[in-house]
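Enquirer: Here's a structure for you.
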Amino acid sequence: MRTSSARSRDNAFAALELDRASERRDDATWLAERAQAPTARYLILGADGRALITAERRSLQEFSSADCARLLPGAMPSFLGSASGSDYFLVCADDASTVRLAAESSAAALDLRSAAASLPAFHAGLFAYARGLAHWQQRMRYCTACAAPLALEAGGHRAKCTNPQCGIEHFPRTDPAIIVIVGDGDRCLLGRGPQWPERRYSTLAGFVEPGETLEDAVRREVFEEAGVRVGECDYHSSQPWPFPASIMLGFTARAEDPTIRLGAELAEARWFSVDELVDGLKARTLGLSSPLSVSYRLIEHWLRQTAGLELSTLIQDG
Ligand SMILES: [Zn+2]
């Protein structure tokens, strides 16, 4: 039996073998030293979340501290962490500078979704992490309690209110969202959003509300979207999902009452038998979410458990 840790590692953006060294973030002298050292590697992200990727799209474009000082003078680096003897820093640039730097360094400026499929797991995870942190920094300019400007500290991981009467500290936020494959014997429940192409389906998902357990959120979302009553549910795996600030928490669940009563959020919700999934995928009349998503991993898990079938093989055969 594979553990949830192993299942999470299979998810895109979730295989980041990085020491975040969070206990060193308040050591400004140490951080300044690391930022200047020859082992420092700088990643550059535009305000729109695009990163500089090498021309062949096989890795993030890494810059030395000297390159970074020359290309983006005065830019304030954020510390991401250390791996394989290198210290990784993030620098945010405006969109015009990102385009200019891409041209000057023969790199491509790509968003995370486009880049993720061709990047190695470490770089995909690093990009996701950097994108999430950069998005928070860009949005957290003013104190939510008193509206005074904020100042970044702790290597870019904390924003302190500059009003001495307030002085509140703000931290990066991550919004938990559950995503679930509901089974009923040899059928599973999938839905289609109103903007999606015809015959493309995904597992159901939604944000966790205040005062709610993850299991209650699973039951509420499935009932709200499809009218199906869920009984037991179990944690499957998690995935950072910085679009812009979520973590996806994957679950498997069993239906208690499979009757579908469509809610307002989806265009369609229906049960698929194993045979319907297999036939639809092989005939290419059925589309699923990208392999980057937990939805894909949940359907893969369900097919394996229920029918001993491999989703990737079915898609290749299609
Ligand atoms: Zn304040």
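Residue numbering for the sequence shown follows the numbering used here, starting at -5 and increasing by one per position. The beta-carbon is built from N, C-alpha and C at its ideal position, and this holds for glycine as well.
1) Okay, do the segment 148 to 167 and the segment 31 to 49 touch, 3+ Cβ pairs below 8 Å being the bar?
2) Is C86 helix, strand or coil when you go by DSSP?
3) Give me the Cβ distance between F7 and G75, rounded to the nearest whole Å; I'm assuming they're in contact under 8 Å.
4) Is the beta carbon of C86 closer than 9 Å to that of A69?
5) So V388 and V176 are supposed to be a Cβ contact under 8 Å. How far apart are they, rounded?
6) Along the alpha helix (DSSP H) that carries E192, what are the first and last residues, could you check?
7) Return the first residue and the last residue of the alpha helix (DSSP H) that Q310 is part of.
8) Which of helix, strand or coil does DSSP assign to I293?
9) In terms of alpha-carbon separation, which member of E262, R298, V288, K276 lies closest to S240?
10) With H, G and I counted as helix, E and B as strand and the rest as coil, what does DSSP make of G119?
11) So L54 packs on H117, CB below 8 Å; how close in whole Å?
12) Between the C-alpha atoms of A101 and L113, what's the straight-line distance to the nearest angstrom?
13) Give me the Cα-Cα distance between G225 and L282, rounded to the nearest whole angstrom.
14) Starting from the Cα of N5, find the closest Cα among R248, P234, L256, E250 and give me that residue.
15) Just to check my reading of the structure: G200 and A171 have Cβ atoms closer than 8 Å, yes? What is that Cβ distance to the nearest angstrom?
16) By DSSP, does S76 sit in helix, in strand, or in coil?
17) So G274 is in the alpha helix (DSSP H); what residue range does that whole segment cover?
18) Count Cβ pairs between the segment 88 to 102 and the segment 12 to 32 that sit closer than 8 Å; are there 3 or more?
19) Excluding the 5 residues preceding and the 5 following A9 in the sequence, name in chain order all residues of the same chain whose CB lies nearer than 6 Å to its CB.
20) Pick out whichever of L280, I38, R51 has its Cα sitting closest to the Cα of S58.
21) How is the alpha helix (DSSP H) around A220 delimited, first residue to last?
22) Comparing C-alpha positions only, which one of I254, M242, R291, Y195 sits nearest to T279?
23) Counting along the chain, where does the alpha helix (DSSP H) carrying S231 start and finish?
24) Could you tell me if F165 is buried or exposed, where buried requires 16 or more neighbouring beta carbons within 10 angstroms of its beta carbon?
25) Taking 8 Å as the line, does the beta carbon of A153 fall inside it for any heavy atom of ligand 1?
26) Out of L256, D311, P158, state which residue places its alpha-carbon closest to the alpha-carbon of G274.
27) For S300, which residues from the same chain have a beta carbon less than 8 Å from its beta carbon, with the 5 sequence-adjacent residues on both sides left out?
28) Figure out for me which residue from E250, T307, S231, S232 has the closest Cα to the Cα of V222.
29) Measuring alpha carbon to alpha carbon, tell me which of P143, S(-2), A124 ends up nearest F237.
30) By Cβ distance, which residues of its chain are closer than 6 Å to L297, with the 5 residues on each side in sequence left out?
31) Determine the DSSP secondary structure at A103, reduced to helix, strand or coil.
32) Using a Cβ-Cβ cutoff of less than 6 Å, which residues in the same chain neighbour G244 once the five nearest sequence positions on both sides are dropped?
33) With L113 as the anchor, note down where its alpha helix (DSSP H) starts and where it stops.
Expert: On the basis of the data shown:
1) no
2) strand
3) Incorrect: roughly 15 Å between the Cβ atoms, too far for contact.
4) yes
5) Within the shown structure, residues of the chain are numbered from -5 to 312, placing residue 388 beyond reach of any answer.
6) From DSSP, E192 is part of no alpha helix (DSSP H); its letter is neither H nor E.
7) It spans 305 to 311 - the alpha helix (DSSP H) in which Q310 sits, taken as one unbroken run.
8) When DSSP states are grouped into helix, strand and coil, I293 belongs to the helix group.
9) V288
10) helix
11) That belief holds up - the Cβ atoms of L54 and H117 are roughly 5 Å apart, short of 8 Å.
12) Roughly 14 Å separates the two Cα atoms.
13) 25 Å
14) P234
15) About 6 Å separates the two Cβ atoms, so the contact holds.
16) strand
17) 268 to 276
18) no
19) R3, A115, G119
20) I38
21) A220 -> alpha helix (DSSP H) spans 208 to 220.
22) Y195
23) Element bounds for S231: not the alpha helix (DSSP H) but the beta strand (DSSP E), 223 to 235.
24) By the 16-neighbour rule on beta-carbons within 10 angstroms, F165 is exposed.
25) Judged by the Cβ position, A153 fails to qualify as a neighbour of ligand 1 at the 8 Å threshold, every heavy atom of the ligand being at least this far.
26) D311
27) Here the sequence assigns Thr to residue 300, which means Ser is not the residue at that position. Correct list, in chain order: G177, D180, C182, V268.
28) Of the candidates E250, T307, S231, S232, the one whose C-alpha sits nearest the C-alpha of V222 is E250.
29) A124
30) L303, L305
31) strand
32) I173, H230, S231, V288, L292
33) Where L113 is concerned, there is no enclosing alpha helix (DSSP H), given that its DSSP letter is neither H nor E.
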